[in-house]
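Peer 1:
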Amino acid sequence: MTAVGIDAIEIWTGKLALDLAETFAPAKDDNPEKYTKGLGLRASSFPDTYEDIVTMGANAAKRLMDRKGLEPDDIGRIDVATESAFDNSKPVSTYIAGCLEDVYDGDFHHANKGERKFACVAGTQSIDDAYNWIKAGRNRGRAALVIATDTALYARGDPGEATQGAGAVAMLVDEDPNVVELSTHQGYGSADETDFLKPNQQFPSVDGKRSVQVYLARMREALEDFESVAGRTHPDDYAYIPFHTPFPGMVRKAALLGFRHMTRDTEVEDGLADEIGRQPRETDFEDWDAYEGAIREYMDALKETDTYDTWYARAIDPTLTLSRQVGNWYTGSVHVARASALKTAAETGRALSGEKLLLGSYGSGAQAEIHSETVAEGWREEVEALDIDEQLSRRYDLSFEEYGRVHDAHNHEKERELEEFTVPGGEFVFTGWGRMNERT
Ligand code: HMG
């Protein structure tokens with residue numbers, strides 16, 4: 132069977148940055164540690180006023196196609212995952228294809244284009260669609276371009292404001308992939324939920340505290356469903372476990388839940404028994420509340436142990452390095468987490484080919500997907516080609532007052548002349564609705 136998976140990745144960050152400790156916290160009269168330690172974030176990325184989901188997606192895709200030496204004819208499918216779409220009819224992939232056609236000789240007239248929406252999990256769903264299309268033999272030797280692109284903005288003053296972000300991740304899904312091979316091992320946790328939604332509105336209505344609980348509940352269900360396909364799974368089976376990262380503090384909670392679930396009835400639980408007791412069993416309690424209380428107590432003790440700490444430092448912390456600097460990228464977030472882990476492995480000289488990753492994707496509304504991947508032979512070269520560190524260091528640092536103007540510009544004032552904070556060069560820029568395909 133031919134291996135199918137992610138062959139190449141490119142990341143494009145919005146060119147502006149809002150520093151949460153230095154700029155946001157003082158303006159809000161908050162303790163900076165609420166953001167840096169509590170949420171685990173240092174900064175958010177924002178698009179400059181000439182950037183949006185189309186330009187960021189097209190710029191990431193162009194870099195990827197140039198680096199891989201691809202022409203439009205090599206691509207049989209363009210899927211864009213976004214929850215920031217501005218057009219209820221044309222998919223964002225047509226706008227992005229239009230941009231790319233302006234700079235390549237060929238065109239994408241025979242490529243299938245679409246737009247996937249299920250909040251943040253849509254990026255992973257698009258990868259799944261591309262995998263299925265290739266495995267079904269309908270690709271005629273061509274690859275799929277999957278682009279996850281979002282501007283994650285909340286209303287000013289909303290508690291979610293500290294978790295904003297903007298950027299795009301372009302991924303090439305192909306046979307004999309260089310980065311990761313995908314498998315049929317997947318599990319889902321899915322339910323109709325209303326804690327985060329945008330029905331015909333610009334900013335999400337969010338019940339933030341409940342959204343955290345819904346994320347954890349769906350993730351636990353997805354893990355159980357995954358185990359029903361892949362069999363019992365152990366935290367040490369995986370080199371890294373990248374989760375959807377609205378903010379690193381959310382991943383701290385998800386990782387603890389996952390570790391406890393995966394170590395029940397294992398030598399890890401046995402080894403920890405003297406220190407923190409055994410995991411509570413539902414049958415030992417009269418009601419669900421008492422059982423849940425005991426689980427919470429066990430998890431509080433678990434996170435203080437060296438065993439957990441060592442595992443977290445190895446398998447989880449490296450997935451958060453980029454997210455800390457960019458905030459929530461919605462559909463791109465879990466793919467940034469994967470890239471972050473692989474980048475750390477490359478920088479520390481770790482051998483990774485053949486090792487497994489477990490991905491925890493999530494979208495409000497709500498659905499979690501857990502799936503496993505195997506790192507491919509060519510991963511290091513692909514990851515070393517990323518220039519995300521340079522992009523991050525080139526971002527313009529916004530003052531709080533400038534941040535307010537940028538927030539307004541992206542949401543209300545696209546039609547008029549807008550101030551720009553950075554100078555575009557050799558990239559797609561927004562020049563007005565329907566005229567987004569110009570390169571400077
Ligand atoms: P909040 O209510 O302002 O913050 O917003 P808080 O008071 O809960 O504090 C946050 C954490 O900082 C807490 O840690 C505090 O204890 C800690 P925790 O108890 O949770 O571990 N803290 C401090 N730590 C150190 N020093 C201090 C300090 N002060 C406080 N001085 C909230 C938090 C998540 C509600 C808000 O950011 C929000 O509404 N975010 C948007 C929704 C969201 O991101 N939800 C996450 C799950 S849903 C999801 O991921 C899907 C999503 O990506 C959308 C999609 O799928 O499309 C959002």
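Take 132 as the starting number for the sequence shown in our numbering and just add one per residue. Where is the CB? At the ideal position from N, CA and C, for every residue including glycine.
Write down the C-beta distance between residue 496 and residue 250 rounded to the nearest angstrom, noting that I regard them as a contact closer than 8 angstroms.
Peer 2: Looking up residue 496 in the sequence shown gives position 365. Looking up residue 250 in the sequence shown gives position 119. Residue 496 to residue 250, Cβ: 5 angstroms. Contact.
Peer 1: Inspect the beta-carbon positions of residue 151 and residue 378 and report whether they are closer than 8 angstroms.
Peer 2: Sequence index remark: in the sequence shown, residue 151 carries index 20 (1-based). Sequence index remark: in the sequence shown, residue 378 carries index 247 (1-based). Not a contact, by the Cβ cut-off of 8 angstroms.
Peer 1: Is the beta carbon of residue 491 within less than 7 angstroms of some heavy atom of the ligand HMG?
Peer 2: Here the question's residue 491 lines up with position 360 in the sequence shown. Residue 491 Cβ: outside cutoff for every heavy atom of the ligand HMG.
Peer 1: At a threshold of 7 angstroms, does residue 293 count as lining the ligand HMG (C-beta to nearest heavy atom)?
Peer 2: The residue you call residue 293 lines up with position 162 of the sequence shown. Under cutoff, so the answer is yes.
Peer 1: Is the beta carbon of residue 491 closer than 8 angstroms to that of residue 350?
Peer 2: Counted from its first residue, the sequence shown places residue 350 at position 219. Counted from its first residue, the sequence shown places residue 491 at position 360. Yes, the pair counts as a contact, with Cβ atoms nearer than the cut-off.
Peer 1: Report the option in 552, 175, 260 and 346 whose CA atom is closest to the CA atom of residue 298.
Peer 2: By one-based count along the sequence shown, residue 298 stands at place 167. Minimum Cα distance to residue 298 is reached at 175.
Peer 1: Among the candidates 133, 179, 134 and 190, whose CA atom is the shortest distance from the CA of residue 140?
Peer 2: Position 9 of the sequence shown holds residue 140. Among 133, 179, 134 and 190, the Cα nearest to that of residue 140 belongs to 190.
Peer 1: In the DSSP assignment, the beta strand (DSSP E) including residue 279 goes from what residue to what residue?
Peer 2: On the sequence shown, position 148 is the one that residue 279 refers to. Run containing residue 279: 274 to 283, per the beta strand (DSSP E) assignment.
Peer 1: For residue 309, which of helix, strand or coil comes out of DSSP?
Peer 2: Taking the sequence shown and counting its residues from 1, one reaches residue 309 at position 178. Here residue 309 sits in coil by DSSP.
Peer 1: Can you tell which of 533, 501, 536 and 519 has its C-alpha closest to the C-alpha of residue 300?
Peer 2: Counting from 1 along the sequence shown, the entry for residue 300 is found at position 169. Ranking the options by Cα distance to residue 300, first place goes to 519.
Peer 1: Pick out whichever of 155, 436 and 149 has its Cα sitting closest to the Cα of residue 405.
Peer 2: Residue mapping note: residue 405 aligns to position 274 of the sequence shown, counting from 1. Nearest C-alpha to residue 405: 436.
Peer 1: Pull up the CB-CB distance for residue 552 and residue 147, whole angstroms please, since I reckon it's below 8 angstroms.
Peer 2: Against the sequence shown, residue 552 aligns to sequence position 421. Against the sequence shown, residue 147 aligns to sequence position 16. Confirmed, Cβ separation roughly 6 angstroms.
Peer 1: Do you know how far the Cα of residue 484 is from the Cα of residue 514?
Peer 2: In the sequence shown, the residue the question calls residue 514 occupies position 383. In the sequence shown, the residue the question calls residue 484 occupies position 353. So the alpha carbons of these two residues sit roughly 13 angstroms apart.
Peer 1: Hey, how far is the Cα of residue 328 from the Cα of residue 284?
Peer 2: Start at 1 with the first residue of the sequence shown, and residue 328 comes out as number 197. Start at 1 with the first residue of the sequence shown, and residue 284 comes out as number 153. Going from the Cα of residue 328 to the Cα of residue 284 covers about 13 angstroms.
Peer 1: Within the same chain, show all residues whose beta-carbon is closer than 6 angstroms to that of residue 476, passing over the 5 residues directly before and after it, in chain order.
Peer 2: By 1-based counting over the sequence shown, the position of residue 476 is 345. Around residue 476: 483.
Peer 1: Indicate, with yes or no, if the ligand GDP has a heavy atom lying under 7 angstroms from the CB of residue 170.
Peer 2: Judged by which ligands are present, the ligand GDP is missing from the structure shown, whose ligands are the ligand HMG.
Peer 1: Have a look at residue 164 and residue 530 and give me their C-alpha separation to the nearest angstrom.
Peer 2: The residue given as residue 164 occupies position 33 in the sequence shown. The residue given as residue 530 occupies position 399 in the sequence shown. In a straight line, the C-alpha of residue 164 is about 19 angstroms away from that of residue 530.
Peer 1: Spatial neighbours of residue 245 within its chain, please: C-beta separation below 7 angstroms, excluding the five flanking residues on both sides.
Peer 2: For the purposes of this step, residue 245 is identified with residue 114 of the sequence shown, where counting begins at 1. Counting only Cβ-Cβ distances below 7 angstroms, and skipping sequence neighbours, we find 210, 222 and 224.
Peer 1: Looking at the ligand HMG, does it come within less than 7 angstroms of residue 340, judged from the CB to the closest heavy atom?
Peer 2: Counting from one through the sequence shown, the residue named residue 340 turns up at place 209. Result yes, Cβ under 7 angstroms from the ligand HMG.
Peer 1: Which partner residues of residue 538 appear in the DSSP bridge assignment?
Peer 2: Position 407 of the sequence shown, counted from the start, is the residue given in the question as residue 538. None; residue 538 has no bridge partner.
Peer 1: Helix, strand or coil for residue 434, going by three-state DSSP, please let me know.
Peer 2: Counted from its first residue, the sequence shown places residue 434 at position 303. Three-state result, residue 434: coil.
Peer 1: So, helix, strand or coil for residue 463, using DSSP?
Peer 2: On the sequence shown, position 332 is the one that residue 463 refers to. Helix at residue 463.
Peer 1: In whole angstroms, what is the alpha-carbon distance linking residue 487 and residue 539?
Peer 2: Position 356 of the sequence shown, counting from 1, holds the residue named residue 487. Position 408 of the sequence shown, counting from 1, holds the residue named residue 539. Spanning the two alpha carbons is a distance of roughly 43 angstroms.
Peer 1: Terminal residues of the continuous beta strand (DSSP E) containing residue 505?
Peer 2: Residue numbering aside, residue 505 sits at position 374 when the sequence shown is read from its first letter. Unbroken beta strand (DSSP E) run through residue 505: 498 to 506.
Peer 1: Can you tell me whether DSSP reads residue 127 as helix, strand or coil?
Peer 2: Because the chain spans 132 through 571 in this model, residue 127 falls outside it and cannot be assessed.
Peer 1: What distance in whole Å lies between the Cβ atoms of residue 296 and residue 457, which are believed to be in contact at a cut-off of 8 angstroms?
Peer 2: Your numbering for residue 457 matches position 326 in the sequence shown. Your numbering for residue 296 matches position 165 in the sequence shown. About 5 angstroms; that satisfies the 8 angstroms criterion.
Peer 1: Starting from residue 226 and walking both ways along the alpha helix (DSSP H), at which residues does that stretch end?
Peer 2: Looking up residue 226 in the sequence shown gives position 95. Element bounds for residue 226: 223 to 232.
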